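The sequence shown maps to residues 0 to 371 in numbering that gives the first Met the number 0. For glycine and all other residues, C-beta sits at the position ideal for the given N, C-alpha and C. Because the structure is a prediction, the values reported are computed rather than measured. Here's the structure, in structure tokens; my notes come after.
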Amino acid sequence: MFDKTYRHEINDCEPYIAGETEDVVRRKYHLTKVVKLGSNENPYGPFYHAKKAMMRSIETVNRYPEDDFVEMKELIADQWGLTADNVAIGSGAGNILENLAKEFLNAGDEVLIAQQSYRLYREISKMMGAKVKEIPLTNDYQFDLDAFKRQINDKTKLIWICNPNNPTSTVTDAQKLDEFINGLPDHVWIVVDEAYADFSDKENLPNFIKYIGNKRIVIVRTFSKFFGLAGARLGYALADPTAINGYDTVTEPFSTNRMVLAAASASLQFDKAQMQTTREKIINSRNTLTVSLEKLGCTVAPSEANFIFAKLPDGFPDATTICDQLMKLGVIVRDCTPWGYPDSIRITIGTAKELDVFLDKFTHLSEPITQK
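Right, dumping it as structure tokens:
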């Protein structure tokens, strides 16, 4: 427990636990090679022009970036048919989400989240003194929007939606989401986290952009996943200008850096062909891995992200045991026990070679079990 000199909400919060890093696992188990498939990173990024732009920008890092990020905002806005006034910038989606919590939430407000979704929503909401109501996903890993509706009352301020969802990789039915948003009372904001949307079949995703200016909605995107800039930190929010002004009021100045701005700008303008090729590679590998895991007896959720959520076969040890065993063999995947799925693991779509290593080690672990 923290003493009374600390903000009292900190005692109700839990620190975010990220996936293990290659260096930590390498040292811990005295390994020479580690395959990291635990943090949903893009193995093919950054893209060509992004890398070139980052190298050139090193010469200017003695200067702050422009405080209002006008050029970056205009490039992003052009992608969505919006204006720069609809765009806010932050150092990764996590920074954006935290600032949105600061912008909208007061002590005593109520927040709705899915129980099996990105855990940061819960902690940043509690830190602002909000009461968090967690609603289980359906059996097919959809947001239970009917259950969400039943929990909305006069105190409800904010709903966090992750689509595609982490860790299940699934998208919630577009028509149901549209109906849900259209039925929200005017005092409720909805934040849609689309960190993985670039890996999805666009036909399966609702067009949330159409609600900007008509509903209290904020759409959050990142350059960490699809653009392969996870270590550089850049994210953005799309909303009506008033919400963006509110965001800019609570965020820190110069909230990202010149190098990642240069990289993102270059990719948006010049890396489109490589982006398409990369997307096809990841989707093809995702489909291949799904088939391979199903042959091994796993139940795989229909993925619309750059990772797979797999329920282990009957008779297997729990996910924690499997993940520990894989780690000792030099493969990092994510244990889904913290999300309430002690029988499931999450596997990032790495390169074909990395996935072959994972399948080889996973098959090795499964053989004594399947031969019983």
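Using DSSP bridges, identify the partner residues of residue i.
i: Gly89; result: Gly234
i: Cys161; result: Asp192
i: Phe308; result: Arg345
i: Arg220; result: Tyr235
i: Arg333; result: Arg345
i: Thr298; result: Lys310
i: Ile95; result: Answer by DSSP bridge pairing: none, since Ile95 is not bridged.
i: Asp211; result: In the sequence as presented, Asp is not what sits at residue 211; that position holds Ile. BP columns for Ile211 point to Lys214.
i: Lys35; result: Ile331
i: Glu353; result: Partner(s): none; Glu353 has no beta bridge.
i: Glu109; result: Lys130 and Thr155
Do residue i and residue j have their C-beta atoms within less than 8 Å of each other?
i: Ser291; j: Leu358; result: yes
i: Phe306; j: Thr347; result: yes
i: Thr250; j: Gly93; result: no
i: Gly44; j: Phe226; result: yes
i: Thr169; j: Ala318; result: no
i: Glu102; j: Gly245; result: yes
i: Lys156; j: Asp108; result: yes
i: Trp79; j: Leu237; result: yes
i: Cys297; j: Lys310; result: yes
i: Lys327; j: Tyr28; result: yes
i: Arg232; j: Gly91; result: yes
i: Glu13; j: Glu122; result: yes
i: Leu36; j: Val332; result: yes
i: Pro184; j: Ile151; result: yes
i: Ile75; j: Val86; result: yes
i: Val34; j: Glu353; result: yes
Nearest by alpha-carbon distance to residue i: which of the options is it?
i: Val330; options: Ile321, Ala242 and Trp338; result: Ile321
i: Leu119; options: Leu237, Ile160, Ile57 and Thr59; result: Ile160
i: Gly212; options: Ile243, Met71 and Ile282; result: Ile243
i: Ile112; options: Ile75, Leu144, Leu228 and Asp77; result: Leu144
i: Asp197; options: Asn105, Ala231 and Asn39; result: Asn39
i: Tyr340; options: Arg55, Leu136, Tyr210 and Asp355; result: Leu136
i: Asn400; options: Gln141, Lys154, Asp172 and Ala52; result: Past the boundaries of the shown model lies residue 400; the chain is included only from 0 to 371, so the question cannot be answered.
i: Val190; options: Pro240, Val356, Leu99 and Gln275; result: Leu99
i: Pro312; options: Asp342, Thr287 and Glu178; result: Asp342
i: Thr167; options: Lys209, Arg215, Asp334 and Lys175; result: Asp334
i: Arg215; options: Ser199, Ala229, Gly230 and Asp239; result: Asp239
i: Ala304; options: Asn286, Asp247 and Ile57; result: Asn286
i: Ser266; options: Glu366, Asp67, Ala52 and Leu30; result: Ala52
i: His363; options: Asp247, Gln324 and Tyr117; result: Gln324
i: Asp153; options: Met126, Val187, Asn138 and Ile134; result: Val187
i: Asp200; options: Ile180, Leu104, Ile57 and Thr171; result: Thr171
i: Ala129; options: Pro316, Ile9, Leu228 and Phe147; result: Ile9
i: Leu228; options: Lys209, Val33, Leu176 and Met274; result: Met274
i: Glu202; options: Tyr210, Ala173, Ala194 and Phe179; result: Ala173
**Asked** Between the segment 59-69 and the segment 252-268, do at least 3 Cβ pairs fall closer than 8 Å?
**Response** The segment 59-69, when compared against the segment 252-268, does touch it at the 8 Å Cβ threshold.
**Asked** So, do the segment 219-238 and the segment 255-271 have three or more beta carbon pairs nearer to each other than 8 Å?
**Response** With three or more CB-CB distances shorter than 8 Å, the segment 219-238 counts as touching the segment 255-271.
**Request:** Go through the segment 113-176 residue by residue and report every complete run of the alpha helix (DSSP H) that reaches 4 residues or more, in order.
**Result:** Annotation note: the segment 113-176 contains the following uninterrupted alpha helix (DSSP H) runs of length 4 or greater, listed N- to C-terminal: 119-126 and 144-150.
**Item:** In chain order, each alpha helix (DSSP H) run of at least 4 residues that lies wholly inside the segment 239-291
**Value:** Within the segment 239-291, the alpha helix (DSSP H) runs of at least 4 residues that lie entirely inside it are, in chain order, 240-249 and 257-269.
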